[in-house]
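Some notes on the structure that comes next.
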Amino acid sequence: MKLRITFFICLFLFQLNEVSLQTDCRISTAQIDLNGNNVKTRLHVSGDLWWDGRDGKYQVEINGPSVPTPSALYAGGVWMGGFSPSGELKIAASTYGRGRGITDYFSGPLNANDGSTDETTCRNWDRFFKVEKSKIEEHLSLWQQGNYTETQIPNQIKSWPAKGNPFFESIYGFELPDTPQGLADFWDENNDGVYNPLDGDHPTLLQRGCDVGTIPDEMIFWIFNDGGGTHEITNGNPMQMEFQVTAFAFKQDNFKNSTFYKYKLINRSSETLNDAYFGMWADPDLGCYTDDFFGCDSTRNMWYLYNADELDGEVGCTCPQGILTYCDKTPMLGMDFFRGPLDKDGNELGMSSFTYHHNPSLWGGPSAMTDPALDAEYYNYLTGKWSDGTPYTISGNGYLSGSQTTNFVFPDEPIDASSWSMCTSGLPYGDHRVVQATGPITMASNSVNELILGVVWVPDVQSPCPDLNELKSADDIIQVAFDNCLDVFTSVEDTQANSLEGIMLSPNPFSKINHTDLTISNLPQKSTIRIFDINGKVVKNIGRVDSPSINWTPDFLLSGGVYFVEVRDQYARKVLKWVYSK
Numbered sequence: 028m029k030l031r032i033t034f035f036i037c038l039f040l041f042q043l044n045e046v047s048l049q050t051d052c053r054i055s056t057a058q059i060d061l062n063g064n065n066v067k068t069r070l071h072v073s074g075d076l077w078w079d080g081r082d083g084k085y086q087v088e089i090n091g092p093s094v095p096t097p098s099a100l101y102a103g104g105v106w107m108g109g110f111s112p113s114g115e116l117k118i119a120a121s122t123y124g125r126g127r128g129i130t131d132y133f134s135g136p137l138n139a140n141d142g143s144t145d146e147t148t149c150r151n152w153d154r155f156f157k158v159e160k161s162k163i164e165e166h167l168s169l170w171q172q173g174n175y176t177e178t179q180i181p182n183q184i185k186s187w188p189a190k191g192n193p194f195f196e197s198i199y200g201f202e203l204p205d206t207p208q209g210l211a212d213f214w215d216e217n218n219d220g221v222y223n224p225l226d227g228d229h230p231t232l233l234q235r236g237c238d239v240g241t242i243p244d245e246m247i248f249w250i251f252n253d254g255g256g257t258h259e260i261t262n263g264n265p266m267q268m269e270f271q272v273t274a275f276a277f278k279q280d281n282f283k284n285s286t287f288y289k290y291k292l293i294n295r296s297s298e299t300l301n302d303a304y305f306g307m308w309a310d311p312d313l314g315c316y317t318d319d320f321f322g323c324d325s326t327r328n329m330w331y332l333y334n335a336d337e338l339d340g341e342v343g344c345t346c347p348q349g350i351l352t353y354c355d356k357t358p359m360l361g362m363d364f365f366r367g368p369l370d371k372d373g374n375e376l377g378m379s380s381f382t383y384h385h386n387p388s389l390w391g392g393p394s395a396m397t398d399p400a401l402d403a404e405y406y407n408y409l410t411g412k413w414s415d416g417t418p419y420t421i422s423g424n425g426y427l428s429g430s431q432t433t434n435f436v437f438p439d440e441p442i443d444a445s446s447w448s449m450c451t452s453g454l455p456y457g458d459h460r461v462v463q464a465t466g467p468i469t470m471a472s473n474s475v476n477e478l479i480l481g482v483v484w485v486p487d488v489q490s491p492c493p494d495l496n497e498l499k500s501a502d503d504i505i506q507v508a509f510d511n512c513l514d515v516f517t518s519v520e521d522t523q524a525n526s527l528e529g530i531m532l533s534p535n536p537f538s539k540i541n542h543t544d545l546t547i548s549n550l551p552q553k554s555t556i557r558i559f560d561i562n563g564k565v566v567k568n569i570g571r572v573d574s575p576s577i578n579w580t581p582d583f584l585l586s587g588g589v590y591f592v593e594v595r596d597q598y599a600r601k602v603l604k605w606v607y608s609k
């Protein structure tokens, strides 16, 4: 176990509070592992990720399943805060509370009418809901054969907590809430607004602005809130925010060694939350916790973690307390807001700040650079300031170290000896924590916002002060996938000149001089159509089509060349090659 002074600070006060404070809900206990494409990591219901309360559990397999694997992250947790219309700060955060038996977050949804909950609701929802792609495919295969019955439905499909599921209560013994914001994502085959597997409905991953869903190889859904009791970590006022989370992973090579987390934020308070920020706090231990460096790339909305020296370990390849290390095969890890929340004008936000603070037991410095204790200190870190409200400054450790202020610490390439990175900052090795935030957002009562963040991992990076190109490349490939609704065209193996399984493109080749419209005919029912260029970029999203044939007028901005017309329904994806000339 990695000992932390934060586990014991104010322990006496906590023991007193344990007697005097009564909360509506107890701390959640449910844990589960997300297993996806070479990654195994721990999830908790109430706000924190990647650890089991004692040890880091973000493990990327590097030497086979039978060999012990180091952890690339120690712990992580959601921070969020903003102000009521009267100026009252409301905030919640997750750090090391699980190790001390305290929390700001509680399991389950909040009442849509008054933002309340109770111990029974929290206990009922202290659980995860998992579904695998193989079970969805089994379900769809059986449904398409006809005469589908309840007894044939795979349990993962039957028990999915989607709006209106008629089987849910008989399985779990409690009802699903009926709110307009919905619950777990699903494909609604007959567009009736409720989930019923007997209609062909099935779990899927939905993204804002995308007409079709995506089926990851594994999805895990859960709900938590900050309204279930006293905030014992921040001592802050509750926002009455509900967090509906989907963790997911893919087996495709483009997503190798990566995991993703979608957060749907629902304000169950009767008041608007203003100047709100969402942050992901992390204690990022890349193997050994005493020799890690980090930085950020604000253009990519990403922060990254790398080893401070050639070998991962405090002395050679060994780490205090016997913690496993990567030795001379040190990886690099990045965390990216692949899809950000929307601001009050409907614009998608990226990373608004990247800050750090440190473990005071390992090295000194001003108290403003250490772990926060008060609600305002948590909010300051969320908004790109030190805990005392002092701006970060460019150079050195970032605390009163220069005249130019910044919201992004260590933004330059580690390999560049003339830039500001941890390689050039002169900071001692230490046990650091970081906060990656996005905002500000405004959330009216019962409004919804969402974001998706992901962890990207690349192996065996040359240290110290590494080149970022391999990590950037991996991150860029994934970002393109999200920009294209997680359905990027990557191959021409399934294309023909102008027809595929009856679908026709006419005319093909197409000349702008002789023709005004492209006709796409013999379409499957409920098709969705997109046009890609040769690089896989979507140049036109036609969207869902309910007729067997459509006419499309190509955009005059298109350059001449080869394009690909994607036609898909919920079962299959077909790509046809289309030649266009000006």
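The number in my numbering is simply the position in the sequence shown, starting from 1, with 27 added.
Glycine included, every Cβ here is placed at the ideal spot set by N, Cα and C.
Note that the structure is predicted; figures quoted are calculated from it, not measured.
Item                                                                                                                                                        : Value
How big is the Cα-Cα spacing for Ala471 and Arg571?                                                                                                         : 30 Å
Within 10 Å of its beta-carbon, does Asn328 have 16 or more other beta-carbons around it, so buried, or fewer, so exposed?                                  : buried
By how many angstroms is the C-alpha of Leu603 removed from the C-alpha of Phe155?                                                                          : 40 Å
Where does Lys291 fall in DSSP's three states?                                                                                                              : strand
Which whole-angstrom value describes the C-beta separation of Leu550 and Val594, a residue pair presumed to lie in contact below a C-beta threshold of 8 Å? : 6 Å
Please name the residue, chosen from Asn511, Asn264, Leu532 and Ser576, that lies closest to Arg235 on a Cα-to-Cα basis.                                    : Asn511
First and last residue of the alpha helix (DSSP H) that includes Thr465?                                                                                    : Here Thr465 belongs to no alpha helix (DSSP H); instead the beta strand (DSSP E) covers His459 to Met470.
Name the residue from Tyr405, Asn424, Leu409 and Thr433 whose alpha carbon lies nearest to the alpha carbon of Pro418.                                      : Thr433
Beta strand (DSSP E) containing Trp330: first to last residue?                                                                                              : Met329 to Asn334
Check whether the Cβ atoms of Ala189 and Tyr222 sit closer than 8 Å, and answer yes or no.                                                                  : yes
For Lys601, count neighbouring Cβ atoms within 10 angstroms of its own Cβ and tell me buried if that reaches 16, exposed if not.                            : buried
Which one of Asn541, Leu300, Asn568 and Trp308 has the shortest CA to CA distance from Ser113?                                                              : Leu300
Taking Cβ to Cβ, would you say Trp308 is nearer than 8 Å to Arg460?                                                                                         : yes
Using the rule of at least 16 other Cβ atoms within 10 Å of the residue's Cβ for burial, across every protein chain shown, is Asn140 buried or exposed?     : exposed
Considering only their Cβ atoms, is the gap separating Ile129 from Ile260 smaller than 8 Å?                                                                 : yes
Within 10 angstroms of the Cβ of Gln506, are there 16 or more other Cβ atoms? Answer buried if so, exposed if not.                                          : buried
Use the C-beta contact count for Asn64: other C-beta atoms within 10 angstroms, 16 or more gives buried, fewer gives exposed.                               : buried
In the DSSP output, what is Met307 paired with across the bridge?                                                                                           : Val105 and Gln463
Between which two residues does the alpha helix (DSSP H) containing Leu409 stretch?                                                                         : Asp402 to Leu409
For Glu196 and Gly109, what's the separation of their Cα atoms in angstroms?                                                                                : 36 Å
Pick out the complete beta strand (DSSP E) segments inside the stretch 136-185, 3 residues or longer, and give them in chain order.                         : 156-159
Where Lys286 and Asn62 are concerned, what is the direct C-alpha to C-alpha distance, given to the nearest angstrom?                                        : It is Thr, not Lys, that sits at residue 286 in the sequence shown. Rounded to whole angstroms, Thr286 to Asn62 spans 9 Å at the Cα level.
Mark Ile242 as exposed unless 16 or more other C-beta atoms lie within 10 angstroms of its C-beta, in which case mark it buried.                            : buried
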